[in-house]
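K.L.:
Here the sequence shown stands for residues 70 to 405, where the numbers follow our numbering. All C-beta atoms, glycine included, are put in the ideal place defined by N, C-alpha and C.
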Amino acid sequence: MDNRAEYTPKGIAFAPSYECPGGCLHCNIPFDRIDAKAELDAGSAARALREAKAMGLHSFQFVGGEPTLRGDFMVEVVAEGRRLSMKPHRPPTNCATAARPEYLRALFARLKQAGFTAGFRVSCDEFHGRVPPESVAAFIVNAADYFDLTRFAIGCCDKNEERSRGRLERVARAMSEMGLESRVGAAKMETARGDIKLGFWAPTRPTWKPLPDSEFVFREVNAGAGASEAPGRGSPAPITRFGCLGPLGVGYVWIDPDGNARACCGNANLFSDKLIIGNIHAEPLAAIVERARRDPVISLLAEGGPVALAAETGLTGLLEKKYTHRCELCAAALNA
């Protein structure tokens, strides 16, 4: 297999740990096969951040697990990122830490002092059953004292939008009762401190717990070169060739709590160790990325994504099936 496209990460993502009180059934983190107690130390992350900057990467993000459980880590990495003039993306949160209001407000204050202004990507749907809507409301209301809410987003990962809107109504009522007048609009949560963008989408496989097919939207594969991703009438957009790890992709180098570097930050990146390209405790980030650029599998993903990977490794039978997302096809091809 010849390398025909270059692996081109756009930034670096840190998973300080995979600890999470949510355990949501639709989560793409395989909690049953990872070490939730492992923790990435902030010093190693800051060093990797400096190496990323030297390579020409200018953005970073926090993943997990629930990132706000590792407040010291977030503050130290944000401060280093600011020193390096690197842009932090909105970290995801399920808002479970709102159950500890003193801790949460102290974290917000420290993040603000460190220069954090990105806001958060709040998860709110019926699969987040362990985190009540009132916790989501408390997280946002407390955050409003420190950050610009217009930089926040609320994502509902549920095929049933009506069900999600019902939960959002509970969040808005709780926010109003806490003193921040709020209402659910068509595309935004409208609050007295600024509007928060809303997003709705269906879950994607692989999930760490099995869910029935009825909870997903399935897409066909169109393996032809130059195929359009435009949806057909009444049908979801097909999965086509797209160089997800290439120059036009949006991939980040993903750093696990144990220091392992994964080439991809996609929804299935923890379901195959073939995406592990090195370890930041053992070698510089630049060496890890350079070796990954010579890897034929990574190059196929950089050129045409999982469609190219399946088509050019003799797994054409996979292209006859339907998938919830291109990442599900990728996991199937990597694990075949």
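I'd like the list of long-range same chain contacts for Ser113, defined as Cβ closer than 7 Å, with 5 residues on each side in sequence excluded.
P.N.:
These residues qualify, in order along the chain: Gly328, Ile349, His350.
K.L.:
Judging by CA-CA distance, which residue of Ser128, Val200, Gly188 is the nearest neighbour of Arg169?
P.N.:
Among Ser128, Val200, Gly188, the Cα nearest to that of Arg169 is on Val200.
K.L.:
Spatial neighbours of Thr162 within its chain, please: C-beta separation below 8 Å, excluding the five flanking residues on both sides.
P.N.:
These residues qualify, in order along the chain: Glu135, Pro136, Thr137, Phe189, Arg190, Val191, Ser192, Phe208.
K.L.:
Just checking, does the region 250–270 make contact with the region 379–399 on the three C-beta pairs under 8 Å criterion?
P.N.:
In short, these stretches do not touch, since the Cβ pair count stays below three.
K.L.:
If I follow the unbroken alpha helix (DSSP H) through His267, where does it start and stop?
P.N.:
Note on residue identity: the sequence assigns Leu, not His, to residue 267. Per DSSP, Leu267 belongs to no alpha helix (DSSP H); it is in the beta strand (DSSP E), 265–270.
K.L.:
Alpha carbon to alpha carbon, how far is Gln182 from Ala337? Give it in angstroms, no decimals.
P.N.:
Ala337 and Gln182: Cα-Cα distance of roughly 35 Å.
K.L.:
Quick one: what's got a C-beta closer than 8 Å to Cys226's C-beta in the same chain, skipping five residues either side?
P.N.:
Hits under 8 Å: His95, Ser192, Asp194, Phe196, Trp270, Ala271, Pro272.
K.L.:
Hey, would you say Pro85 sits closer than 7 Å to Phe129, going by beta carbons?
P.N.:
No, these two residues do not count as a Cβ contact at 7 Å.
K.L.:
Whole alpha helix (DSSP H) runs in the region 305–365 with 4 or more residues, listed along the chain?
P.N.:
354–362, all fully within the region 305–365.
K.L.:
Thinking C-beta only, is Ile324 closer than 7 Å to Leu267?
P.N.:
Their beta carbons are not under 7 Å apart, which means Leu267 does not touch Ile324 by this criterion.
K.L.:
Which of helix, strand or coil does DSSP assign to Glu284?
P.N.:
Helix at Glu284.
K.L.:
If contact is defined by three or more beta carbon pairs under 8 Å, each pair taking one atom from either stretch, is the region 338–348 in contact with the region 360–375?
P.N.:
Touching, yes, given that three or more Cβ pairs across the two stretches are closer than 8 Å.
K.L.:
Identify which residue in Asn97, Val322, Arg252, Arg220 has its Cα closest to the Cα of Ala241.
P.N.:
Minimum Cα distance to Ala241 is reached at Arg252.
K.L.:
Out of Leu176, Glu284, Ile103, point me to the one whose CA is closest to Ala212's CA.
P.N.:
Selected option, being the one with the closest Cα: Leu176.
K.L.:
For Thr260, which residues does DSSP report across the bridge?
P.N.:
Per DSSP, Ser251.
K.L.:
In the DSSP output, what is Cys226 paired with across the bridge?
P.N.:
Looking at the DSSP assignment, Cys226 forms a beta bridge with Trp270.
K.L.:
Could you tell me the distance, in whole angstroms, from the CA atom of Val322 to the CA atom of Cys89?
P.N.:
When rounded, the distance between both Cα atoms is 21 Å.
K.L.:
What residue from Leu339, Asn291, Arg151 has the CA that sits closest to Gly373's CA?
P.N.:
For Gly373, the nearest C-alpha among the options comes from Asn291.
K.L.:
Val144 by DSSP, collapsed to three states: which one?
P.N.:
Reduced to three states, the DSSP call for Val144 is helix.
K.L.:
For Arg102, is the classification buried or exposed, using 16 other Cβ atoms within 10 angstroms of its Cβ as the cut-off for buried?
P.N.:
Result: exposed.
K.L.:
Would DSSP call Pro161 helix, strand or coil?
P.N.:
Note: Pro161 maps to strand in three-state DSSP.
K.L.:
Report yes or no: do three or more beta-carbon pairs, one from the region 105–120 and one from the region 141–159, lie closer than 8 Å?
P.N.:
Yes, they touch.
K.L.:
To the nearest angstrom, how far is it from the Cα of Ile81 to the Cα of Pro316?
P.N.:
Taking the straight line joining both Cα atoms gives about 15 Å.
K.L.:
Of the residues Ser245, Pro275, Leu218, which one's Cα is nearest the Cα of Lys257?
P.N.:
The shortest C-alpha separation from Lys257 is found at Leu218.
K.L.:
Check each candidate in Glu230, Pro375, Glu250, Glu284 and name the one with the smallest Cα separation from Arg310.
P.N.:
The candidate whose alpha carbon is nearest that of Arg310 is Pro375.
K.L.:
Suppose the cutoff is 8 Å on Cβ atoms and the five residues either side in sequence are ignored; what does the same chain contact list for Ser204 look like?
P.N.:
The answer, listed in chain order, is Cys164, Ala165, Ala167, Ala168.
K.L.:
For Met70, which residues in the same chain have their Cβ closer than 6 Å to its Cβ, ignoring the five residues on either side in sequence?
P.N.:
Confidence at Met70 is low in this model, with a pLDDT of 42, below 50, so its placement is unreliable and no value can be given for it.
K.L.:
Can you tell me whether Val319 is buried or exposed? The criterion is at least 16 other CB atoms within 10 Å of its CB, across all chains shown.
P.N.:
Exposed: under 16 other Cβ atoms inside 10 Å.
K.L.:
Write down the C-beta distance between Pro275 and Arg288 rounded to the nearest angstrom, noting that I regard them as a contact closer than 8 Å.
P.N.:
Their Cβ separation, rounded to whole angstroms, is 15 Å, which puts Pro275 and Arg288 out of contact at 8 Å.
K.L.:
Grouping DSSP H, G and I as helix and E and B as strand, with all else coil, what is Ser204?
P.N.:
Three-state result, Ser204: helix.
K.L.:
Would you mind sorting Lys390 into buried or exposed? The rule is 16 or more other CB atoms within 10 Å of its CB.
P.N.:
Lys390 is exposed by the Cβ-count criterion.
K.L.:
Nearest to Asn97 by CA position, among Ser341, Met124, Ala255, is which residue?
P.N.:
The shortest C-alpha separation from Asn97 is found at Ser341.
K.L.:
Looking at chain C, is there any beta carbon in it that lies within less than 7 Å of the beta carbon of Ala117?
P.N.:
Absent here is chain C; the protein component of the structure consists of one chain.
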